[in-house]
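Below is one structure, written out as structure tokens; comments come after it.
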């Protein structure tokens, strides 16, 4: 199995989790490699996601590292499935790796939660709204790149049509709902789409009105993807320099608390739907 030149976020995550297990028992990479009967460079490549590893080898690592959490071991073994050409691979030479990693993260997540203050959730955007957003990118994108990013964003919405459907929860501040990106008509179509999606059993939309006052966080877009076990949860942040994924225990705890507090000050899903319809009528 040749080394990978560009491991995905999921492959890097598996390697990072194996390293966490090794660190938990105080083994150096040299000692662990010796006991596993592989070279230290091979172990480093595995922990960096640059070299594939089988489910059987993952279980061997777990035994060496005295990991007795059967659910975690099973989840890690499940991450070793052979890499298939999923739909986002067609964009690999066209879009930043972070966007492909986001699609991969959503595809494998058990549930998805997001908090939005100034933009509407990507998974709930219409084609015209998404295109308008990408036309504001700095530096300005050429028209073909705008279309590639738009089509990628819309294809990410396949998670809503999976079997079974993936539970999704979005908490949106009123500020994002009142932003008229693309003008009145595009905004009307976008808000109507969110109302329609919010009526699906597996989609929950909550709104934080202006009158709620202060809210936690700094207005940064946050996506929380729940893994097979809590240790494999992931936080994805949108930043001006690109997409960033976090998964340390301290970071996960922080963002779970943030989302809980963000959702707690929002209107109920039913009241939120009515609130969005009021904004629609005023447009």
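In UniProt numbering, the protein residues as written are 1 to 283.
For each residue, glycine too, the CB sits at the ideal point set by N, CA and C.
From the DSSP output, read off the bridge partner residues of residue 114. Mapped onto the chain shown, residue 114 falls at position 114. Note: residue 114 sits in a beta bridge opposite 170, 223.
Do residue 159 and residue 107 count as a contact pair if the criterion is CB distance below 8 Å? The sequence position of residue 107 within the chain shown is 107, counting from 1. The sequence position of residue 159 within the chain shown is 159, counting from 1. Result yes, Cβ atoms of residue 107 and residue 159 sit closer than 8 Å.
Distance, Cα to Cα, residue 89 vs residue 139? On the chain shown, position 89 is the one that residue 89 refers to. On the chain shown, position 139 is the one that residue 139 refers to. Between residue 89 and residue 139, the C-alpha separation is close to 24 Å.
Which value, in whole angstroms, describes the spacing of the CA atoms of residue 110 and residue 230? Locating residue 110 in the chain shown gives position 110, counting from the first residue. Locating residue 230 in the chain shown gives position 230, counting from the first residue. Cα to Cα, residue 110 sits roughly 11 Å from residue 230.
Where residue 6 falls, given that 16 or more other Cβ within 10 Å makes a residue buried: On the chain shown, residue 6 is found 6 positions in, with the first residue counted as 1. Result: exposed.
Simplified DSSP assignment, three categories, for residue 57: The count along the chain shown starts at 1 and reaches residue 57 at position 57. Correct three-state label for residue 57: helix.
Quick one: what's got a C-beta closer than 6 Å to residue 153's C-beta in the same chain, skipping five residues either side? Here the question's residue 153 lines up with position 153 in the chain shown. The residues are 122, 130.
What number of angstroms, rounded off, separates the C-alpha of residue 287 from the C-alpha of residue 171? The displayed coordinates of the chain run from 1 to 283. Any statement about residue 287 would go beyond what the structure contains.
Could you pull the start and end residues of the beta strand (DSSP E) that residue 73 belongs to? Stepping through the chain shown from its first residue, residue 73 is reached at position 73. No beta strand (DSSP E) holds residue 73; the alpha helix (DSSP H) holding it covers 70-78.
Going by DSSP, what residue range makes up the alpha helix (DSSP H) through residue 48? The residue you call residue 48 lines up with position 48 of the chain shown. It is not in any alpha helix (DSSP H) - residue 48 carries neither H nor E in the DSSP assignment.
By the three-class DSSP mapping on this structure, what secondary structure does residue 244 have? Along the chain shown, one-based indexing puts residue 244 at 244. Residue state, collapsed to three classes: strand.
Residue 38 by DSSP, collapsed to three states: which one? Position 38 of the chain shown, counted from the first residue, corresponds to residue 38. Reduced to three states, the DSSP call for residue 38 is coil.
Beta carbon of residue 265, beta carbon of residue 212: below 8 Å? Here residue 265 is taken as the residue at index 265 of the chain shown, counted from 1. Here residue 212 is taken as the residue at index 212 of the chain shown, counted from 1. In this structure, residue 212 lies closer than 8 Å to residue 265 by Cβ.
CA-CA distance, residue 45 and residue 195? Working through the chain shown from its first residue, we reach residue 45 at position 45. Working through the chain shown from its first residue, we reach residue 195 at position 195. Cα to Cα, the separation comes out at about 47 Å.
Note down, in chain order, each residue of its chain lying with its Cβ closer than 8 Å to the Cβ of residue 251, except the 5 sequence neighbours on either side. Here residue 251 corresponds to residue number 251 of the chain shown, with the count starting at 1. Answer for residue 251: 235, listed in chain order.
Have a look at residue 96 and residue 283 and give me their C-alpha separation to the nearest angstrom. What you label residue 96 is simply residue 96 of the chain shown in a count that begins at 1. What you label residue 283 is simply residue 283 of the chain shown in a count that begins at 1. So the two alpha carbons sit approximately 36 Å from each other.
Leaving out five residues on either side along the sequence, give the residues of the same chain with a beta carbon under 6 Å from the beta carbon of residue 190. Taking the chain shown and counting its residues from 1, the one referred to as residue 190 is at position 190. Only 126, 129 meet the Cβ criterion.
Residue burial classification, residue 73 (beta-carbon count within 10 angstroms, cutoff 16): Taking the first residue of the chain shown as 1, we reach residue 73 at position 73. When all chains shown are included, residue 73 counts as buried.
Can you give me the C-alpha to C-alpha distance between residue 161 and residue 224, rounded to a whole angstrom? For the purposes of this step, residue 161 is taken as the residue at position 161 of the chain shown. For the purposes of this step, residue 224 is taken as the residue at position 224 of the chain shown. Each residue's alpha carbon lies about 19 Å from the other.
Nearest neighbour of residue 183, chosen from 79, 98, 144, 133 [CA to CA]: As a working mapping, residue 183 is identified with position 183 in the chain shown. Comparing Cα positions, the closest option is 133.
Check whether residue 113 and residue 198 have beta carbons under 8 Å apart: Taking the first residue of the chain shown as 1, we reach residue 113 at position 113. Taking the first residue of the chain shown as 1, we reach residue 198 at position 198. No, the pair does not count as a contact, with Cβ atoms beyond the cut-off.
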